[in-house]
Amino acid sequence: MNIELINICKTFQAELVLKDVSGSFDVHSIAVIGPSGGGKSTLLRIIGGLLTPDSGTLKMDGEIITFSKKYLHSYRRNIGFVFQSRGLFEHLTAMENMLLPLVHAFGMAKSQAIEISSKLFERFGLSDEKNKYPFQLSGGQQQRIAIARAVAVKPKLLLLDEPTSALDPEYTAEVLNMLGELQNDGLKTIIVTHEMGFAKNACEKVVFLANKQIVESGDSSQIFKHPQTAELQLFLNKILEWKV
Amino acid sequence: MKQTVNKEPSLVNKAASAFIVAVVMIGFLWFSVTSIGLELDFSTLSQYRQRLWEGFLMTVIISLASLIVSLIIGSLTAIGQNARILAISYFCRAYVQIIRGTPLLVQIYFFYYIIGTAWGIDNRYVAGVVILSIFEGAYISEIIRGGLASIDHQQYEVAKSIGLTPAKTLQLVTFPILMARILPALTGQFASIIKDSSLLSVIAVIELTQTVQEISADNFRMFENYFFVGVLYFILTFSVSMLSRVLERRYNHEYRVNQYL
Ligand SMILES: Nc1ncnc2c1ncn2[C@@H]1O[C@H](COP(=O)(O)OP(=O)(O)OP(=O)(O)O)[C@@H](O)[C@H]1O
Ligand SMILES: [Mg+2]
Chain A
3 MNIELINICK TFQAELVLKD VSGSFDVHSI AVIGPSGGGK STLLRIIGGL LTPDSGTLKM
63 DGEIITFSKK YLHSYRRNIG FVFQSRGLFE HLTAMENMLL PLVHAFGMAK SQAIEISSKL
123 FERFGLSDEK NKYPFQLSGG QQQRIAIARA VAVKPKLLLL DEPTSALDPE YTAEVLNMLG
183 ELQNDGLKTI IVTHEMGFAK NACEKVVFLA NKQIVESGDS SQIFKHPQTA ELQLFLNKIL
243 EWKV
Chain B
18 MKQTVNKEPS LVNKAASAFI VAVVMIGFLW FSVTSIGLEL DFSTLSQYRQ RLWEGFLMTV
78 IISLASLIVS LIIGSLTAIG QNARILAISY FCRAYVQIIR GTPLLVQIYF FYYIIGTAWG
138 IDNRYVAGVV ILSIFEGAYI SEIIRGGLAS IDHQQYEVAK SIGLTPAKTL QLVTFPILMA
198 RILPALTGQF ASIIKDSSLL SVIAVIELTQ TVQEISADNF RMFENYFFVG VLYFILTFSV
258 SMLSRVLERR YNHEYRVNQY L
């Protein structure tokens, strides 16, 4: 799958957040890294059709994404999105959370939806959590269920916005393992993350977003070893300073 | 290891406590009544059975009708308070502020004798329901507005991301979450409607309170009459709070779960 960004701009209340962001990426697994407030979430939400850019063009496999209501509605169903936290419906059990998109957005029969959901719960060791509400689940379990819900509909692309940044290290590992497994199955993903280990080892490409633009991008095997720009070097030094 | 277990109070404890409370309350009442040398005699009330029953029914009908109309008014103005069109927003806010800031009695006189007469609404029952609904609608509006504001914005973001239409989001996300949050306040408001409907007696709507006033002018047994009517109101409001518990169980997910923990 190919994603092309052409001069994407976004302003929030007179504050420029993305400035002429451009680039073309063959997505298998991309990690988006960068300093806080750099516009990573904003860019991801634009790609996910949750936010409309002020100007610029977004293309997916050559097709222009028009940000009209009707188009977006069907577009979003084909893109999975996982939030940093609180991504489950608070009034529904884990199972009901899984069923909702399948039944109400995709019009699937309930019995079939239950079958698909049960398989996913089983695969990711979540069967005991099926009937619990979000407030009864650990952060890691919530995130894994949110990911399971997003992949249940077989999306063309899965977007994740810092899915582990609200979690303890132990839970982080359990979520990243699940993701790695899904990526190995061929799921296309773009993940905004502060987990450099995951970006380096589990993602093919890395995009470094800072100062409202894509400053550097490339293969993950190269970019950490040989960062080209001064900004990325500085960023990596800062981040790796406290590494064990 | 120490384990804390949330134990239910024992049955004996419950029964004994209920008994003590009942004795104190009845004792206090009985003492007060006897110390002023009052002898209560409820037997004269039975001859007014029919009228009391009709008044009771009228109170129920007026309350139910007002509940429905005030829910409609409350929902519309709750949404209207945050409308983008400023005139609508101002109108809804002014409505809520003014109605909540003035006594119902004043509103009844004002709406019935001035607005009602000017606009030719002369059916006092219709007028009564409308006035009561306008009054309660302002409170319901605030309940709903507060409930809507308390819903985490991210829930809508999630709904959007899984491809729910706005209509489905309202039906499957907003409504159930809102209901779980505001149902207790809403049923409390319904109990208020029942009690507040007694004030409609001032425009001679023959509901329970008006009926008892008429009976009192006839049998001069004020204490018994009002005591009895108080019990009738309590039966109504108590039923509402019982019903509310059932509904809460249906909507409140946290409660639903804790039942089985
Ligand atoms: N809805 C919004 N309204 C106003 N400003 C916003 C909004 N969303 C984001 N911003 C601003 O846009 C800028 C970029 O935000 P964004 O969330 O995209 O950054 P980020 O790279 O994801 O940061 P972080 O790593 O902290 O999540 C920030 O300065 C933020 O204050
Ligand atoms: Mg972010």
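Taken in sequence, the protein lines are chains A and B. Residues in the first sequence are numbered consecutively from 3, following the working numbering. Residues in the second sequence are numbered consecutively from 18, following the working numbering. Ideal placement from N, C-alpha and C gives every residue a C-beta, glycine not left out.
Is residue i near ligand 2, with its Cβ less than 7 Å from a heavy atom?
{"i": "A:S87", "result": "no"}
{"i": "A:A164", "result": "Inspection of the sequence shows that residue 164 of chain A is occupied by Glu rather than by Ala. It does: the Cβ of A:E164 is within 7 Å (strictly closer) of some heavy atom of ligand 2."}
{"i": "A:S43", "result": "yes"}
{"i": "A:V194", "result": "yes"}
State the CB to CB distance for the pair residue i and residue j, rounded to an integer number of angstroms; the pair is presumed to be in contact (CB under 8 Å).
{"i": "B:G55", "j": "B:F240", "result": "Going by the sequence as given, residue 55 of chain B is Leu instead of Gly. Contact flag correct, Cβ pair sits at about 6 Å."}
{"i": "B:L62", "j": "B:F251", "result": "About 16 Å separates the two Cβ atoms, so there is no contact after all."}
{"i": "A:F85", "j": "A:L52", "result": "So it is not a contact: roughly 10 Å between Cβ atoms."}
{"i": "B:I194", "j": "B:G91", "result": "Not a contact, Cβ separation roughly 18 Å."}
{"i": "A:I10", "j": "A:G58", "result": "4 Å"}
{"i": "B:S218", "j": "B:Q206", "result": "With a Cβ gap of about 21 Å, B:S218 and B:Q206 do not count as contacting."}
{"i": "A:A168", "j": "A:S87", "result": "4 Å"}
{"i": "B:V222", "j": "B:G133", "result": "Going by Cβ atoms, the distance from B:V222 to B:G133 rounds to 12 Å, so no, they are not a contact pair."}
{"i": "B:I232", "j": "B:R68", "result": "7 Å"}
{"i": "A:V194", "j": "A:L46", "result": "6 Å"}
{"i": "A:L104", "j": "A:I81", "result": "A:L104 to A:I81, Cβ: 16 Å. No contact."}
{"i": "B:A176", "j": "B:T186", "result": "4 Å"}
{"i": "B:T76", "j": "B:L216", "result": "Going by Cβ atoms, the distance from B:T76 to B:L216 rounds to 12 Å, so no, they are not a contact pair."}
{"i": "B:E265", "j": "B:L200", "result": "5 Å"}
{"i": "A:P55", "j": "A:I66", "result": "About 12 Å separates the two Cβ atoms, so there is no contact after all."}
{"i": "A:K214", "j": "A:L20", "result": "6 Å"}
{"i": "A:T95", "j": "A:K156", "result": "Incorrect: roughly 22 Å between the Cβ atoms, too far for contact."}
{"i": "A:I192", "j": "A:L161", "result": "5 Å"}
Hey, quick one: how far does the alpha helix (DSSP H) through residue i stretch, first residue to last?
{"i": "A:R207", "result": "Here the sequence assigns Lys to residue 207 of chain A, which means Arg is not the residue at that position. That residue, A:K207, is in no alpha helix (DSSP H); its beta strand (DSSP E) goes 207–212."}
{"i": "B:F127", "result": "Note, B:F127: premise wrong, no alpha helix (DSSP H); not H, not E."}
{"i": "B:M196", "result": "192–213"}
{"i": "B:I90", "result": "66–98"}
{"i": "B:V41", "result": "28–52"}
{"i": "A:L45", "result": "42–49"}
{"i": "B:V219", "result": "Counting along the chain, B:V219 falls outside any alpha helix (DSSP H), and DSSP gives it neither H nor E."}
{"i": "A:N80", "result": "First-last for A:N80: undefined, no H or E at that position."}
{"i": "A:L60", "result": "Counting along the chain, A:L60 falls outside any alpha helix (DSSP H), though it belongs to the beta strand (DSSP E) covering 57–62."}
{"i": "B:N236", "result": "225–236"}
{"i": "B:L249", "result": "239–268"}
{"i": "B:Q296", "result": "The requested residue 296 of chain B is not part of the displayed model; chain B covers only 18 to 278."}
{"i": "A:A107", "result": "A:A107 -> no alpha helix (DSSP H), and no H or E assigned at all."}
Run the proximity test for residue i: is its beta-carbon closer than 7 Å to any non-hydrogen atom belonging to ligand 1?
{"i": "A:G278", "result": "Lying outside 3 to 246, the shown extent of chain A, residue 278 of chain A is not represented and no answer is given."}
{"i": "A:G141", "result": "no"}
{"i": "A:F14", "result": "yes"}
{"i": "A:G50", "result": "no"}
{"i": "A:E17", "result": "yes"}
{"i": "A:G36", "result": "yes"}
What are the boundary residues of the beta strand (DSSP E) that residue i is part of?
{"i": "B:D58", "result": "Premise fails: B:D58 is in no beta strand (DSSP E) and is neither H nor E."}
{"i": "A:S31", "result": "31–35"}
{"i": "A:D22", "result": "17–28"}
{"i": "A:F14", "result": "4–14"}
In chain C, what lies closer than 7 Å to residue i by C-beta?
{"i": "A:R125", "result": "Annotation note: the requested chain C is absent from the structure, which comprises protein chains A and B."}
| Unbroken stretches of the beta strand (DSSP E), 3 residues or longer, contained in the region 116–172 of chain A | DSSP runs (the beta strand (DSSP E)) wholly in the region 116–172 of chain A: 159–163.
| task | Kindly provide the ranges of any beta strand (DSSP E) runs that are 3 or more residues long and lie completely inside the region 187–241 of chain A, ordered along the chain. | result | Runs of the beta strand (DSSP E) inside the region 187–241 of chain A: 191–194, 207–212, 215–221.
| request: Quick one: which unbroken alpha helix (DSSP H) runs of 4-plus residues sit fully inside the region 122–184 of chain B? Chain order, please. | output: Listed in chain order, the complete alpha helix (DSSP H) runs (minimum 4 residues) inside the region 122–184 of chain B are 141–167, 170–178.
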